[in-house]
Amino acid sequence: MFKALIATAAALAAIAAVPVSAQERARLNWVEVHSPAIEGNLEGNSAQRKVLVVTPPGYDENTGKRYPVVYFLHGYWATPEMYQEMARFEEAVDGAAAQGNEVILVMPDGHSKLKGGFYSSSPTVGDYETFVAEDLVKWVDANFRTIADPASRGLAGHSMGGYGTIRVAMKHPGVFSSIYMMSACCLDPMQLTAEQAKAIEAMSEAEVAAAQFGQLAPVSTLATWSPDPSDDGFLKVYTGLREDGTLDPLVNQRLAANSPLVMLPQYLPALNGLEAFSIDIGDKDFLLEGNRAFMAELDRFRVKYDFELYDGDHGNRIAERIRTKVLPFFGEHLDK
Amino acid sequence: MKALIAGALLALLATPAAAQNITAPPPPIPEGITVEEIKVHGASLEGNLEGNEVERQVMVVLPPSYATNLNKRYPVVYYLHGFAIDGKNFYNFMHVPEAVAKNAAEGNEFIVVVPSTLTKMGGSMYSSSVTTGDFRKFIAHDLVEYIDSHYRTIARRDGRGLAGHSMGGYGTWVIGMTYPEVFDSIWAQSACCVSPRTETVESATAMSQVPYENVDNAGFGMRAGLASAVAWAPNPNNPPFYVDWPIRDGEIDPLVIAKWANNSPLAMVASHVGALKSFDAIGADVGNQDGLVRDDTLIHEELEKFGIAHEWEVYEGTHTDKIGQRFADVVLPFFAEHLDKPR
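Chains as they are written, first to last, in the numbering used here: chain A, 199 to 534; chain B, 61 to 403.
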């Protein structure tokens, strides 16, 4: 899924990051935020979450000034470090500031033992959704000079982070006023088959640890959307596999109950209450069909949004578009 | 559903009124109890495609000291009615004034609020739908805000309980999971619609062929199906029902069934564990002769699985024969234990 993205990130990783002066350039602040919502999860994911906070140029000396905040959610398999290497957010924030759009950018750690918490709420993985919408926002507002108001708070994300963006916007209305989904994953409902359930149950801990993207992703989403604290196995998931080899429909019902396409009719007021809503995706992205289906639903329910289909794949233009599209979008819509 | 229909109608000895909705005679009002019948504007219901009333009838039952102790503020129990009945007839049937008086005599005073959510199809399902209206938000926001600004309530989470019977028990689960920050404690009596609703090609076909003009006479079970369909899979482009039927080209449409599942408390629990654990207390009960006992046991087991503390009782009774008594003797005392006291 993310091969292209990983390749891009690896290439960029070769370029050494140049430390920036606090006064003239945007500054990277790597901090740790404690999240009560992540506490007690069964995978042992840390409640001390790494967070990248990028403050704009002039932040240090203009001590009376408060700034709008853009929250950015990274994708599956990745970490905030990988996205920072790929996107170099300090350059993006500098570029925005040069155009009169001074913002603080915040990227929380959405990684988990199985390489992604899908910004959802699971006792097995942790309540990443509440971490983002409540714990993180509260902490950032208390520790940085933000304009602590929804009108000055935006949410964006790529791939799994695009999913997180729409999910959090639906389930926590009134926290973020504008949202931007980049190449969002997981919009239409996933369907687990009895064969897949069997394969997952057969995996050893070592096999899970060594699993490749395509093999691990369905295990991660199951841990996120069909958790089971009473599972005797180490995954703490409910695969729904019965003795007779058939599948309990409850598993796919739970997966459906986490699909934005399925959830949409129940959360229209939240989306209709947004100041601005933008979606984009590359024309060669394997997720295009899911995005098209989701937008057809948005159209049917007359939700207003902007859409751009660009020449690209799932990961090759993300860094560029954060600069040319995402930050200008928030510059236009967030209160300064 | 069949057991539910038979149970409801037999126990009520009610005469079906227009649209086959259940009615009950006005209840005794004990001395000291004040009952106000008000209208609350539902901003969340505006523009619904069924043309359901936006000004909703609400029964408000005030405890004895409310009229005399003008500085005192009271906890509020919001009580949700079931299918094919309105709020007032549910209030009648449950003898809410006597329940409030009885608990007051034991030192537990509450305001009890019974909203009416009757719709064109016979019930809102307490869901959020462009076709029926956003009834989840109507209860959790519009109604709560109105009551807090017009009565001397303890106007915060610790002072609010949510309960309901049958479709109202279902509403208690889904509103509780969607708006956990509003209510301190919840109790579901004989909740319906707990596990995801399914259809066969035959039943889905029958549902999609009900003439719109004939909905009122389609019978309890069919009306309940139609009410579920319009609440859970609305389609603003498909008049007159404004629904996505669960059948398309002769086959069951899995996306519609998925949307229904997304409104099933049983399927919702796994992704709402934090919300459920945030309640001060949860209770659920059902009669052992109620057709819903199996379904309600499933959600009890699901809560157990996720370590969500709750009270649970299967009692000797049907879908309706003990519910009024249990509201007075079990549900209100439960809230007395968990909500903030009048002060």
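By construction, the Cβ of each residue, glycine as well, lies at the ideal position given by its N, Cα and C atoms.
DSSP state of H539 of chain A mapped onto helix, strand, coil
Outside the modelled stretch of chain A, which goes from 199 to 534, sits residue 539 of chain A, for which no answer is possible.
Below 8 Å between beta carbons is the criterion; list the residues of the stretch 145-177 of chain B that meet it against any residue of chain A, in chain order.
Listed in sequence order: no entries.
Taking the alpha-carbon positions, what's the H398 of chain B to V391 of chain B distance?
In the second sequence, counting from the first residue as 1, residue 398 of chain B sits at position 338. In the second sequence, counting from the first residue as 1, residue 391 of chain B sits at position 331. Roughly 11 Å separates the two Cα atoms.
Residues of the stretch 359-374 of chain B with Cβ closer than 7 Å to any Cβ of chain A, in chain order
Result list: K365, F366 and G367.
In whole angstroms, what separates the C-alpha of F329 of chain A from that of F342 of chain A?
Walking along the first sequence from the start, residue 329 of chain A turns up at place 131. Walking along the first sequence from the start, residue 342 of chain A turns up at place 144. About 17 Å.
F528 of chain A touches chain B at which residues, Cβ-Cβ below 9 Å?
Counting from one through the first sequence, the residue named residue 528 of chain A turns up at place 330. In chain order: nothing, as chain B lies at least about 27 Å away.
Less than 8 Å between the C-beta atoms of Y361 of chain A and P458 of chain A, yes or no?
Taking the first sequence and counting its residues from 1, one reaches residue 361 of chain A at position 163. Taking the first sequence and counting its residues from 1, one reaches residue 458 of chain A at position 260. Taking 8 Å as the cut-off, the beta carbon of Y361 of chain A is found closer than this to the beta carbon of P458 of chain A.
Out of A:L532, A:G298, A:T277 and A:E495, which has the shortest C-alpha to C-alpha gap to V460 of chain A?
Position 262 of the first sequence, counted from the first residue, corresponds to residue 460 of chain A. The residue with the shortest Cα to Cα distance from V460 of chain A is A:E495.
Within 8 Å (strictly less), CB to CB, does H370 of chain A reach chain B?
What you label residue 370 of chain A is simply residue 172 of the first sequence in a count that begins at 1. For H370 of chain A, no CB of chain B lies under 8 Å from its own CB, so it is not counted at the interface with that chain.
Beta-carbon of N616 of chain A versus every beta-carbon of chain B: anything under 8 Å?
Residue 616 of chain A lies beyond the range of chain A shown here (199 to 534); nothing can be said about it.
Span of the beta strand (DSSP E) holding W247 of chain B?
Your numbering for residue 247 of chain B matches position 187 in the second sequence. Residues S245 to Q249.
Close beta carbons around G38 of chain B, own chain, < 7 Å, minus the five adjacent residues each side
For chain B, the structure presents residues 61 to 403; residue 38 of chain B sits outside this window and is missing.
Near-chain B residues of the stretch 406-429 of chain A - C-beta to any C-beta below 9 Å:
Listed by position, the residues of the stretch 406-429 of chain A near chain B (Cβ gap below 9 Å) are T422, W423, S424, P425, D426, P427 and S428.
Here's the rule: buried if 16 or more other CB atoms are within 10 angstroms of the residue's CB, otherwise exposed. What is G443 of chain A?
Along the first sequence, read from residue 1 onward, the residue named residue 443 of chain A stands at position 245. Exposed: under 16 other Cβ atoms inside 10 Å.
Please report how far the alpha carbon of A408 of chain A lies from the alpha carbon of S350 of chain A, in whole angstroms.
Translated into positions along the first sequence, residue 408 of chain A becomes position 210. Translated into positions along the first sequence, residue 350 of chain A becomes position 152. Straight-line measurement puts the Cα of S350 of chain A at about 42 Å from the Cα of A408 of chain A.
Those residues which DSSP pairs with M267 of chain B across a bridge:
Here residue 267 of chain B refers to the residue found at position 207 of the second sequence. BP columns for M267 of chain B are empty, so no partner.
Is it buried or exposed, S219 of chain A, if we count other Cβ atoms within 10 angstroms and call 16 or more buried?
Start at 1 with the first residue of the first sequence, and residue 219 of chain A comes out as number 21. Interpretation of S219 of chain A is limited by its pLDDT of 48, a score under 50 that renders its predicted location unreliable; the figure taken from the coordinates is listed afterwards. Answer is exposed; the Cβ neighbour count stays below 16.
Taking only heavy atoms of the ligand FAD into account, decide whether any of them is closer than 7 Å to the Cβ of Y230 of chain B.
Because no ligand of any kind appears in the structure shown, any question about the ligand FAD cannot be addressed here.
Using the rule of at least 16 other Cβ atoms within 10 Å of the residue's Cβ for burial, across every protein chain shown, is D574 of chain A buried or exposed?
A question about residue 574 of chain A goes unanswered here, because the residues of chain A that appear run from 199 up to 534.
Determine the chain B residues that contact D258 of chain A at a beta-carbon separation under 7 Å, and present them in chain order.
As a first step, residue 258 of chain A must be located in the first sequence, where it is residue number 60. Within chain B, no C-beta atom comes nearer than 7 Å to that of D258 of chain A; the closest sits roughly 37 Å away.
Distance check for L385 of chain A and D509 of chain A, CA to CA, integer angstroms please.
Residue numbering aside, residue 509 of chain A sits at position 311 when the first sequence is read from its first letter. Residue numbering aside, residue 385 of chain A sits at position 187 when the first sequence is read from its first letter. Straight-line Cα distance between these residues: approximately 21 Å.
Measure the alpha-carbon distance for V304 of chain A versus V251 of chain A and round it to whole angstroms.
Taking the first residue of the first sequence as position 1, residue 304 of chain A is located at position 106. Taking the first residue of the first sequence as position 1, residue 251 of chain A is located at position 53. If you take the alpha carbons of V304 of chain A and V251 of chain A, they lie about 5 Å apart.
What are the residues of the stretch 333-359 of chain B that lie near chain A, defined by any Cβ-Cβ distance shorter than 7 Å?
If the cut-off is 7 Å between Cβ atoms, the stretch 333-359 of chain B has V333 and G334 near chain A.
Going by DSSP in three states, Q389 of chain A sits in which element: helix, strand or coil?
On the first sequence, residue 389 of chain A is found 191 positions in, with the first residue counted as 1. If DSSP states are grouped into helix, strand and coil, Q389 of chain A belongs with coil.
I'd like to know whether the C-beta atoms of D319 of chain A and H370 of chain B end up nearer to each other than 8 Å.
For this step, residue 319 of chain A is matched to residue 121 along the first sequence. For this step, residue 370 of chain B is matched to residue 310 along the second sequence. Looking at the sequence provided, one finds Ser at residue 319 of chain A rather than Asp. Not in contact: S319 of chain A and H370 of chain B (Cβ atoms no closer than 8 Å).
Hey, quick one: how far does the beta strand (DSSP E) through L122 of chain B stretch, first residue to last?
Position 62 of the second sequence, counted from the first residue, corresponds to residue 122 of chain B. Per DSSP, L122 of chain B belongs to the beta strand (DSSP E) from E115 to L122.
Measure the CB-CB distance between L140 of chain B and G221 of chain B and report whether it falls below 8 Å.
For the purposes of this step, residue 140 of chain B is taken as residue 80 along the second sequence, with counting starting at 1. For the purposes of this step, residue 221 of chain B is taken as residue 161 along the second sequence, with counting starting at 1. No. Outside cutoff.
Does any residue of chain A bring its CB to less than 8 Å from the CB of P299 of chain B?
Taking the second sequence and counting its residues from 1, one reaches residue 299 of chain B at position 239. It does not: the Cβ of P299 of chain B has no partner Cβ on chain A nearer than 8 Å.
Which stretch, first to last residue, makes up the alpha helix (DSSP H) that contains S209 of chain B?
As a working mapping, residue 209 of chain B is identified with position 149 in the second sequence. V204 to H210 is the extent of the alpha helix (DSSP H) around S209 of chain B.
If we ignore side chains and look at the alpha-carbon of each, how far apart do D309 of chain B and G147 of chain B end up?
Against the second sequence, residue 309 of chain B aligns to sequence position 249. Against the second sequence, residue 147 of chain B aligns to sequence position 87. Their Cα atoms are separated by approximately 39 Å.
With distance defined between alpha-carbon atoms, name the residue in A:E506, A:R452, A:N243 and A:L462 nearest to M388 of chain A.
On the first sequence, position 190 is the one that residue 388 of chain A refers to. Cα-wise, what sits closest to M388 of chain A is A:R452.
For S219 of chain A, which of helix, strand or coil comes out of DSSP?
Sequence index remark: in the first sequence, residue 219 of chain A carries index 21 (1-based). Because S219 of chain A carries a pLDDT of 48, less than 50, the predicted location of this residue cannot be relied on, and no value is offered for it.
S402 of chain A, buried or exposed, once every other Cβ within 10 Å from all chains shown has been counted against 16
Reading the first sequence from its first residue, position 204 is the one you call residue 402 of chain A. Of the residues assessed, S402 of chain A falls on the exposed side of the cut-off, its CB having fewer than 16 other CB atoms within 10 angstroms.
Decide if D497 of chain A is buried, meaning its Cβ has at least 16 other Cβ atoms within 10 Å, or exposed.
As a first step, residue 497 of chain A is located in the first sequence; it is residue number 299 there, counting from the start. By the neighbour-count rule (16 or more Cβ atoms within 10 Å), D497 of chain A is not buried but exposed.
So, for H155 of chain B: in the same chain, excluding its five sequence neighbours on each side, which residues have a beta-carbon less than 6 Å away from its beta-carbon?
Residue numbering aside, residue 155 of chain B sits at position 95 when the second sequence is read from its first letter. For H155 of chain B, where only same-chain residues beyond five positions count, the Cβ hits under 6 Å are P87 and G384.
Looking only at DSSP bridge pairs, what is G221 of chain B linked to?
Position 161 of the second sequence, counted from the first residue, corresponds to residue 221 of chain B. DSSP output for G221 of chain B lists B:V137 and B:S245 as bridge partner(s).
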